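Since the structure comes first, as structure tokens, the remarks are kept for the end.
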Amino acid sequence: MLRDGASNAARPNEYTYAAVIAACANISCVHLGEQLHAQAAQRGFASSRSVGNSLVTLYARAAGRLSAADAVFQESAAKDVVSWSAIISGYAQEGLAGEAFALFTEMRRHHCPRPNEFTLASLLSACATAASLDAGRQLHALAVAAGLEHHAMVRSALIDMYGKSGNMSDADVVFSNRTKDDVVSWTAMIVGNAGHGHSERALELFEEMCRVGLKPDHVAFIGVLSACCHAGAVELGLRYLNAMSKSYGLEPSKEHYGCVVDLLGRAGRIDEAEELIGGMAANERDGVVWTSLLRACAARGEEQTGKKAAERVMEAEPWGAGAHVAMANLYASKGQWCEAAQERHMMKQKGVVKGVGWSSVTVGGEERGVGVFVAGDRTHPQDNLIYEMLDLIYYGVGMARYVPDQMNLASEVELMVNTYSSSYN
């Protein structure tokens, strides 16, 4: 369209560029968007508000292009709620909650005091990722003040935030106060309840959603299958998997198969889990589903199938630590310490490092924030105070006869070394 416009009287203007770049953002076509960016800059349109907003949205949504989005945003002389929301969303989806909230504070203080539904949904998503309940409550109050609490996007983000912050009662209040039904809000409730082990409630919500005439999507089925997994409802989970394509016209993805493989594995039906993977499309049999099978084999001590699954995981993720750790745990659970040590040695040879365990906690005071703690870390400026408090907690739970779960440690030597560290996780 732009080539045709360039060769006749109907040359593209700033609104043409803004619309087409926005379309590129919607279909994740960042390469074409970059070409349009260059062309718009040559013709003097890149500095316009409409084109600038579309460019910020394009780069903010593209993986690894947040710096480009920020560059366009900073160069824009005419920032509005659209551009602010786009850049805040970009930081939020990258997991940079602190930066997202800093931008929001700047937006309200100097430029655009009234957020829209996109701004609030993005910030609530950041709160959900960080499990920051206090900040989420403040945003909820802001949504009420702005008259946006009943907007489907904001409502579903509130439910997700409360669910991931461990407060399903507040999520249920938000859901119950809805003025109309939408799939996203129902799905957020299903996934939230499933994630907290409320399997019966999640399954009830799914059936009720179908009864009111809403068609479940792929995400809703992930929640349902997860609920079946937590409840150990193998046959029900298999029925839901079959119903996806037969009753709802949805093709199961690797995530759905991974849930059912995990479900079968937990029930000790390893052969059926392997058979299910074999029936999947070749391009769907990636590290996700093989890892589910591997975990089941490790838990059940199924060495032969575990080896096969580990090989597939290593093919899909050659630099990942998961397969080696799972096999080391499997060998350790059977007392095969030499084999477990060999797996650890292979990790060292390949330069593969197991991710360090971490936790986060909301820190009080005048400036609220989220503190992150890494297992065994001694670099924190308040490490002495932190470890003193952890000692009190550790010895307190010890008096209550709590024993840290050491089932996944790969050797007796590691057991001795990690007893103290694992108590801090």
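Using UniProt numbering, the letters of the sequence shown correspond one by one to residues 1 to 425. Think of the CB as a built atom: it goes at the ideal place given N, C-alpha and C, for glycine as much as any other residue. None of the values given here were measured: they were computed from a predicted structure.
| Beta-carbon contacts of Trp290 that lie in its chain and below 6 Å, excluding the five residues immediately before and after | Translated into positions along the sequence shown, residue 290 becomes position 290. Correct list, in chain order: Ala309, Arg312, Val313.
| field | Simplified DSSP state of Val212, which is helix, strand or coil | value | For the purposes of this step, residue 212 is taken as residue 212 along the sequence shown, with counting starting at 1. The answer is coil: DSSP assigns Val212 none of H, G, I, E or B.
| said: Checking 9 Å against the spacing of the C-beta atoms, do Glu284 and Lys246 come in under that value? | reply: For this step, residue 284 is matched to residue 284 along the sequence shown. For this step, residue 246 is matched to residue 246 along the sequence shown. No. Outside cutoff.
| Alpha-carbon to alpha-carbon, His151 and Gly138 | Position 138 of the sequence shown, counted from the first residue, corresponds to residue 138. Position 151 of the sequence shown, counted from the first residue, corresponds to residue 151. For the record, residue 138 in the displayed sequence is Gln; it is not Gly. Gln138 and His151: Cα-Cα distance of roughly 17 Å.
| Pairwise C-alpha distance: Val288 and Gly365 | As a working note, residue 365 is residue 365 in the sequence shown. As a working note, residue 288 is residue 288 in the sequence shown. Any reading at Gly365 needs caution, since the residue's pLDDT is 49, under 50, leaving its predicted position unreliable; the model's value is listed next. In a straight line, the C-alpha of Gly365 is about 41 Å away from that of Val288.
| Which residues bound the alpha helix (DSSP H) around Trp319? | By 1-based counting over the sequence shown, the position of residue 319 is 319. No alpha helix (DSSP H) holds Trp319; DSSP gives it neither H nor E.
| Segment limits, alpha helix (DSSP H) that includes Ile27 | Translated into the one-based positions of the sequence shown, residue 27 becomes position 27. In this chain, Ile27 is not harboured by any alpha helix (DSSP H), its DSSP state being neither H nor E.
| Cβ neighbours of Ala326 in the same chain (closer than 7 Å, five flanking residues each side left out) | Numbered from 1 along the sequence shown, position 326 holds the residue referred to as residue 326. Same-chain partners within the cutoff: Leu294, Arg295, Ala298, Ala310.
| query | If you draw a straight line from the alpha carbon of His324 to that of Gln349, how long is it in whole angstroms? | reply | Counted from its first residue, the sequence shown places residue 324 at position 324. Counted from its first residue, the sequence shown places residue 349 at position 349. Distance between the alpha carbons of His324 and Gln349: 12 Å.
| task | Determine the extent of the alpha helix (DSSP H) in which Cys112 is found, giving its start and end residues. | result | For the purposes of this step, residue 112 is identified with residue 112 of the sequence shown, where counting begins at 1. Premise fails: Cys112 is in no alpha helix (DSSP H) and is neither H nor E.
| For Thr129, which residues from the same chain have a beta carbon less than 7 Å from its beta carbon, with the 5 sequence-adjacent residues on both sides left out? | Working through the sequence shown from its first residue, we reach residue 129 at position 129. Answer for Thr129: Gly95, Ala97, listed in chain order.
| Does the count of Cβ pairs from the stretch 54–66 and the stretch 81–95 closer than 8 Å reach three? | Yes, the stretch 54–66 touches the stretch 81–95.
| task | With DSSP collapsed to three states, give me the class of Gly365. | result | The residue given as residue 365 occupies position 365 in the sequence shown. With a pLDDT of 49 at Gly365, under the threshold of 50, the modelled position of that residue is not reliable, and the figure given next carries that caveat. Gly365 sits in coil when the DSSP states are folded into three classes, being neither helix nor strand.
| Out of curiosity, what's the CA-to-CA distance linking His37 and Ala46? | Translated into the one-based positions of the sequence shown, residue 37 becomes position 37. Translated into the one-based positions of the sequence shown, residue 46 becomes position 46. Put simply, the backbone Cα of His37 is about 7 Å away from that of Ala46.
| So, are the CB atoms of Arg269 and Val224 less than 9 Å apart? | In the sequence shown, counting from the first residue as 1, residue 269 sits at position 269. In the sequence shown, counting from the first residue as 1, residue 224 sits at position 224. Judged by their CB atoms, Arg269 and Val224 are not nearer to each other than the 9 Å cut-off.
| Considering Phe45, what are the terminal residues of the alpha helix (DSSP H) in which it resides? | Sequence index remark: in the sequence shown, residue 45 carries index 45 (1-based). Segment: none, Phe45 is in no alpha helix (DSSP H) and carries neither H nor E.
| field | Alpha-carbon to alpha-carbon, Arg108 and Ala231 | value | Residue numbering aside, residue 231 sits at position 231 when the sequence shown is read from its first letter. Residue numbering aside, residue 108 sits at position 108 when the sequence shown is read from its first letter. Taking the straight line joining both Cα atoms gives about 45 Å.
| Given Glu272, which residues of its chain have a CB within under 7 Å of its CB, disregarding the five upstream and five downstream residues? | The residue labelled residue 272 in the question sits at position 272 within the sequence shown. Result list for Glu272: Leu264, in chain order.
| request: Measure how close the beta-carbons of Met153 and Ala121 come, nearest whole angstrom, since I'm counting them as under 8 Å. | output: Along the sequence shown, read from residue 1 onward, the residue named residue 153 stands at position 153. Along the sequence shown, read from residue 1 onward, the residue named residue 121 stands at position 121. Yes, Met153 and Ala121 are in contact; Cβ-Cβ is about 5 Å, under 8 Å.
| Nearest-angstrom Cα distance between Met189 and Gln39? | For the purposes of this step, residue 189 is identified with residue 189 of the sequence shown, where counting begins at 1. For the purposes of this step, residue 39 is identified with residue 39 of the sequence shown, where counting begins at 1. Rounded to whole angstroms, Met189 and Gln39 show a C-alpha spacing of 45 Å.
| message | Less than 8 Å between C-beta atoms, sequence neighbours within five positions excluded: which residues of the same chain meet that for Asp217? | response | Numbered from 1 along the sequence shown, position 217 holds the residue referred to as residue 217. Counting only residues of its own chain and dropping the five nearest sequence neighbours on each side, Asp217 has a CB closer than 8 Å to the CB of Val183, Thr187, Leu250.
| field | Unbroken alpha helix (DSSP H) run spanning Glu94, endpoints | value | Your numbering for residue 94 matches position 94 in the sequence shown. Element bounds for Glu94: n/a, residue is neither H nor E.
| By how many angstroms is the C-alpha of Glu303 removed from the C-alpha of Cys338? | Indexing the sequence shown from 1 puts residue 338 at position 338. Indexing the sequence shown from 1 puts residue 303 at position 303. Cα to Cα, the separation comes out at about 15 Å.
| Secondary structure at Gln342, three-state DSSP: helix, strand or coil? | As a position in the sequence shown, residue 342 is number 342, starting the count at 1. Three-state result, Gln342: helix.
| request: Tell me whether Glu303 counts as near the ligand COA, meaning its Cβ is closer than 8 Å to at least one heavy atom of that ligand. | output: For the ligand COA, the structure offers nothing, since it holds no ligand at all.
| query | Any idea what DSSP makes of Glu14, helix, strand or coil? | reply | Reading the sequence shown from its first residue, position 14 is the one you call residue 14. In the three-state reduction of the DSSP assignment, Glu14 falls in the helix class.
| Gln349 in three-state terms, based on DSSP | Position 349 of the sequence shown holds residue 349. Note: Gln349 maps to helix in three-state DSSP.
| request: Inspect the beta-carbon positions of Gln35 and Arg61 and report whether they are closer than 9 Å. | output: On the sequence shown, residue 35 is found 35 positions in, with the first residue counted as 1. On the sequence shown, residue 61 is found 61 positions in, with the first residue counted as 1. No, they are not a contact pair.
| said: Using a Cβ-Cβ cutoff of less than 7 Å, which residues in the same chain neighbour Cys259 once the five nearest sequence positions on both sides are dropped? | reply: Position 259 of the sequence shown, counted from the first residue, corresponds to residue 259. Within the same chain, Cys259 has close Cβ partners Ile222, Leu225, Ser226, Cys229.
| query | What's the call for Gly44, buried or exposed, on a 16-neighbour Cβ count within 10 Å? | reply | Counting from one through the sequence shown, the residue named residue 44 turns up at place 44. Exposed is the label assigned to Gly44, since fewer than 16 other Cβ atoms lie within 10 Å of its Cβ.
| request: Can you tell me the Cβ-Cβ gap for Met161 and His198, rounded? I've got them flagged as a contact below 8 Å. | output: Residue 161 sits at position 161 when you count from the first residue of the sequence shown. Residue 198 sits at position 198 when you count from the first residue of the sequence shown. Actually they do not touch by this definition, with Cβ atoms about 17 Å apart.
| message | Using only the alpha-carbon positions, how far apart do Asn316 and Met347 sit? | response | Position 316 of the sequence shown, counted from the first residue, corresponds to residue 316. Position 347 of the sequence shown, counted from the first residue, corresponds to residue 347. The question names Asn, but residue 316 in the sequence shown is Ala. Roughly 16 Å between the two C-alpha positions.
| request: Would you tell me roughly how many angstroms separate the C-alpha atoms of Tyr331 and Ala321, rounded to the nearest one? | output: Start at 1 with the first residue of the sequence shown, and residue 331 comes out as number 331. Start at 1 with the first residue of the sequence shown, and residue 321 comes out as number 321. For Tyr331 and Ala321, the gap between their C-alpha atoms comes out near 16 Å.
| message | I'd like the list of long-range same chain contacts for Leu148, defined as Cβ closer than 7 Å, with 5 residues on each side in sequence excluded. | response | To locate residue 148, count along the sequence shown from 1; it is residue 148. So the list reads Glu117, Leu120, Val154, once near-sequence residues are dropped.
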